[in-house]
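So the protein sequences, as listed, match chains A and B.
Be aware that the first sequence starts at 69, since it is given in the numbering used here, and climbs by one per residue.
Be aware that the second sequence starts at 306, since it is given in the numbering used here, and climbs by one per residue.
Cβ atoms here follow ideal geometry from the backbone N, Cα and C, with glycine treated the same way.
Only one structure is covered here, and it is reproduced in the block below.
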Amino acid sequence: MLRIKGLIKRYRTGDLALKGIDLEVPDGQVMALIGPSGAGKSTVIRCINRLVEPTAGSIALNDIEIVGLGSSQLRQARRRMGMIFQEYALVERLTVMENVLSGRLGYVGFWQSWLRKFPQSDIDEAFRLLARVGLDHMASKRADELSGGQRQRVGICRALIQNPELLLVDEPTASLDPKTSRQIMRLIKELCAERKLSAIINIHDVMLAQMFAERIVGLKQGEIVYDGPPDKLTPEVLTSIYGEEDWSATIRKADEADEPAADNVVPFEPPLPSRDRLAGLT
Amino acid sequence: MSIALEPPRTWKKPPLIKRAWLRWILGLGAALYLALAFGTIDVNWHRVWEGLPRGAQFIKAFFPPDFISRWDEIAEGIAESLWMTVVSTVVGIAISIPVGIGAARNIAPAPVYYFCRGILSVSRSFQEVILAIFFVKLFGFGPFAGFVTLSFATIGFYGKLLAEDIEDMDANQAEAVRATGASWLQWINFGVQPQVMPRMIGLGLYRLDINFRESAVVGIVGGGGIGATLNTAFDRYEFDSAAAIVLIIIAIVMLVEYSSGFLRRWVQ
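Quick look at the structure:
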């Protein structure tokens with residue numbers, strides 16, 4: 069359970085990015101955070117793992133307060149939060165395996181990581197995760213040899229190998245084509261279901277948010293203006309979040325709400341079929 | 306119909322300096338200064354004419370180059386220069402890595418940043434020959450002074466370029482590693498080092514190349530190595546031996562340059 073209370077962030081330039089956010093995300097919930105550029109979505113996510121230092125407020129993950137932790141405790145807290153980035157943010161000149169294993173850095177000592185002598189259990193887990201997303205044969209490839217969708221799947225593995233309690237996902241589909249975007253979102257949703265993970269997903273694409281999230285929170289100028297289920301996202305609500313626009317094409321209609329059967333999400337799918345399904349994609 | 310009546314709209318690139326009078330003053334001023342500067346160069350063409358045969362004589366004395374009669378000194382000088390080059394490059398780079406990391410604004414706190422930038426600018430503000438004169442006075446004649454000179458100069462060169470490369474890195478990749486709970490050293494090792502490594506290997510080889518060339522110059526002011534041998538040859542008016550040394554230096558510089566160029570292409 070993630071509990072955010074009165075979160076305020078004022079940047080050094082004086083901009084008030086977050087004006088007192090209150091938010092609770094129960095275990096296992098996949099929540100989408102939508103809102104126009106500059107609304108503070110990215111800031112919310114980065115305050116939770118303190119890549120951005122909150123100005124005021126309280127953030128507690130499973131009753132452990134994160135604001136005000138010292139540096140070594142912060143490292144321990146960060147281990148419990150996996151983050152997935154826009155543009156993947158893989159270290160491009162490292163191999164796929166090193167990128168995945170970098171998710172274990174919070175658990176191993178410096179020399180171990182420097183000599184790349186990770187525990188066998190970490191390596192097993194890395195191969196298992198890579199196989200789950202259909203990339204285990206790519207382990208020794210350099211990350212910059214991969215396509216966008218493949219990179220994002222490696223990014224997901226890096227986040228999951230941390231064995232997190234919460235996933236922070238920042239615009240996972242911003243640089244992907246529509247089909248790959250859906251596959252990545254579906255993968256995130258499936259993995260969250262498999263592992264009973266909660267996730268906060270920042271996303272621009274309202275339709276994708278409606279398709280894959282159980283709950284939608286709309287942010288506007290640092291304030292929450294909508295918090296509810298995806299199907300309550302009416303044109304009026306979208307107007308209150310983004311401003312006046314013709315929303316008729318954006319909102320998913322009830323009759324097309326279910327995807328075609330072949331694409332349907334099967335939460336507890338065994339690893340192999342999904343690997344085959346994903347392996348053919350780029 | 307009014308189609309052909311409108312004249313075509315012309316466009317000219319806006320001038321670099323907007324104000325016309327300033328443009329003219331700067332241009333005329335530069336021309337005037339250049340004319341006056343040329344005027345102060347006093348060339349006595351008569352003496353130039355008389356000196357030509359003597360110059361030819363001097364150049365003739367270099368041929369044929371004599372590798373044999375002073376070979377022992379030459380070999381010793383080359384060997385000394387080479388170790389000076391390799392050791393000073395390694396030591397210089399080893400010291401410049403922490404300094405360079407500290408001098409990168411995006412990862413170092415302000416006091417560390419200013420301190421390391423200070424070291425770099427002190428190192429960079431003196432040309433190798435000036436440093437060599439100083440260190441020869443400090444440590445006495447010989448290759449040790451040369452080694453200290455080249456190491457010190459390497460710090461300024463390599464540290465500054467390392468710092469700039471770190472400042473230009475992709476912050477997202479580094480941020481992603483930080484988000485996993487990595488410690489500072491792990492963060493440098495996984496998030497920063499891979500991004501700067503290829504360029505740093507290339508620059509290390511380039512610096513090796515520079516250090517060899519500088520080792521010849523440093524020797525002339527007393528820093529040991531092939532430069533000292535060259536200087537001795539000139540002092541003894543043994544221009545043929547000097548020619549041999551110069552040819553050997555050219556050969557080694559070319560060899561190092563081509564091999565480092567090849568290696569740099571390979572690491573990219």
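Using 7 Å as the threshold, is the C-beta distance between residue i and residue j below it?
i, j, result
"glycine 216 of chain A", "serine 243 of chain A", "yes"
"asparagine 411 of chain B", "glutamate 469 of chain B", "no"
"isoleucine 127 of chain A", "isoleucine 72 of chain A", "yes"
"aspartate 514 of chain B", "valine 572 of chain B", "no"
"serine 266 of chain A", "leucine 287 of chain A", "no"
"arginine 210 of chain A", "threonine 163 of chain A", "yes"
"arginine 541 of chain B", "tyrosine 463 of chain B", "no"
"isoleucine 551 of chain B", "arginine 518 of chain B", "Note that residue 551 of chain B corresponds to valine in the displayed sequence, not to isoleucine. Not closer than 7 Å, so no."
"proline 246 of chain A", "glycine 150 of chain A", "no"
"glycine 74 of chain A", "glycine 290 of chain A", "no"
"valine 168 of chain A", "alanine 145 of chain A", "no"
"phenylalanine 495 of chain B", "serine 308 of chain A", "no"
"proline 448 of chain B", "glutamate 378 of chain B", "no"
"leucine 455 of chain B", "asparagine 536 of chain B", "no"
"proline 499 of chain B", "valine 159 of chain A", "yes"
"threonine 459 of chain B", "glycine 382 of chain B", "no"
"leucine 203 of chain A", "arginine 221 of chain A", "yes"
"proline 303 of chain A", "isoleucine 284 of chain A", "no"
"aspartate 238 of chain A", "glutamine 154 of chain A", "yes"
"alanine 547 of chain B", "glycine 532 of chain B", "no"
"alanine 479 of chain B", "valine 497 of chain B", "yes"
"threonine 241 of chain A", "valine 274 of chain A", "no"
"phenylalanine 544 of chain B", "alanine 366 of chain B", "yes"
"tyrosine 310 of chain A", "proline 104 of chain A", "yes"
Provide the residue(s) that pair with residue i in DSSP beta bridges, ordered along the chain.
i, result
"glycine 150 of chain A", "A:Leu235"
"alanine 487 of chain B", "Per DSSP, none; premise fails for alanine 487 of chain B."
"glutamine 286 of chain A", "Correcting the residue identity first, residue 286 of chain A is glycine in this sequence and not glutamine. In DSSP, glycine 286 of chain A forms a bridge with A:Ile102, A:Tyr294."
"glutamate 133 of chain A", "A:Ala128"
"valine 93 of chain A", "A:Leu70"
"leucine 86 of chain A", "A:Lys77"
How far does the alpha helix (DSSP H) with residue i in it reach, from first residue to last?
i, result
"phenylalanine 436 of chain B", "Note on identity: in this sequence residue 436 of chain B is leucine, with phenylalanine being the wrong assignment. That run of the alpha helix (DSSP H) goes 433-444."
"isoleucine 252 of chain A", "246-263"
"lysine 365 of chain B", "350-365"
"glutamate 282 of chain B", "Because chain B in this structure spans residues 306 to 573, residue 282 of chain B falls outside the shown range and cannot be described."
"valine 572 of chain B", "544-572"
"methionine 474 of chain B", "That residue, methionine 474 of chain B, is in no alpha helix (DSSP H); it is neither H nor E in DSSP."
"valine 526 of chain B", "Neither: valine 526 of chain B is in no alpha helix (DSSP H) and is coded neither H nor E."
"glycine 114 of chain A", "A small fix is needed here, since residue 114 of chain A is arginine in this sequence, not glycine. 109-116 is the span of the alpha helix (DSSP H), which, as asked, contains arginine 114 of chain A."
"tryptophan 326 of chain B", "325-345"
"proline 320 of chain B", "Unbroken run through proline 320 of chain B: none, as it is neither H nor E."
"valine 274 of chain A", "274-280"
"serine 374 of chain B", "No alpha helix (DSSP H) holds serine 374 of chain B; DSSP gives it neither H nor E."
"threonine 307 of chain A", "303-310"
Less than 8 Å between the CB atoms is what I'm expecting for residue i and residue j, so what's the real figure, rounded?
i, j, result
"glycine 451 of chain B", "glycine 360 of chain B", "Contact flag wrong, Cβ pair sits at about 32 Å."
"leucine 197 of chain A", "isoleucine 152 of chain A", "Between isoleucine 152 of chain A and leucine 197 of chain A the Cβ distance is about 13 Å, and since that is not below 8 Å, they are no contact."
"methionine 474 of chain B", "arginine 161 of chain A", "Actually they are not in contact, since the Cβ atoms of methionine 474 of chain B and arginine 161 of chain A sit about 11 Å apart, beyond 8 Å."
"leucine 173 of chain A", "glycine 528 of chain B", "With a Cβ gap of about 45 Å, leucine 173 of chain A and glycine 528 of chain B do not count as contacting."
"isoleucine 268 of chain A", "leucine 101 of chain A", "6 Å"
"alanine 413 of chain B", "glycine 407 of chain B", "5 Å"
"alanine 399 of chain B", "valine 526 of chain B", "Incorrect: roughly 25 Å between the Cβ atoms, too far for contact."
"alanine 281 of chain A", "methionine 99 of chain A", "6 Å"
"aspartate 371 of chain B", "alanine 556 of chain B", "With a Cβ gap of about 16 Å, aspartate 371 of chain B and alanine 556 of chain B do not count as contacting."
"glycine 461 of chain B", "leucine 425 of chain B", "5 Å"
"isoleucine 271 of chain A", "isoleucine 224 of chain A", "Between isoleucine 224 of chain A and isoleucine 271 of chain A the Cβ distance is about 15 Å, and since that is not below 8 Å, they are no contact."
"alanine 157 of chain A", "asparagine 477 of chain B", "4 Å"
"leucine 510 of chain B", "serine 565 of chain B", "4 Å"
"aspartate 328 of chain B", "proline 320 of chain B", "It should be noted that the sequence gives arginine, not aspartate, for residue 328 of chain B. With 8 Å as the limit, arginine 328 of chain B and proline 320 of chain B qualify as a contact, their Cβ atoms being about 6 Å apart."
"lysine 264 of chain A", "aspartate 83 of chain A", "That pair is no contact at about 37 Å."
Let's see if you can read the secondary structure: which residues bound the beta strand (DSSP E) around residue i?
i, result
"glycine 74 of chain A", "70-78"
"serine 215 of chain A", "No beta strand (DSSP E) contains serine 215 of chain A, which DSSP labels as neither H nor E."
"asparagine 270 of chain A", "266-270"
"alanine 408 of chain B", "Run containing alanine 408 of chain B: none; DSSP gives neither H nor E here."
Item to complete: Mind listing, in chain order, the continuous alpha helix (DSSP H) runs of no fewer than 4 residues lying wholly within the stretch 133-210 of chain A?
Response: Whole alpha helix (DSSP H) segments, 4+ residues: 139-147, 164-169, 178-182, 188-200.
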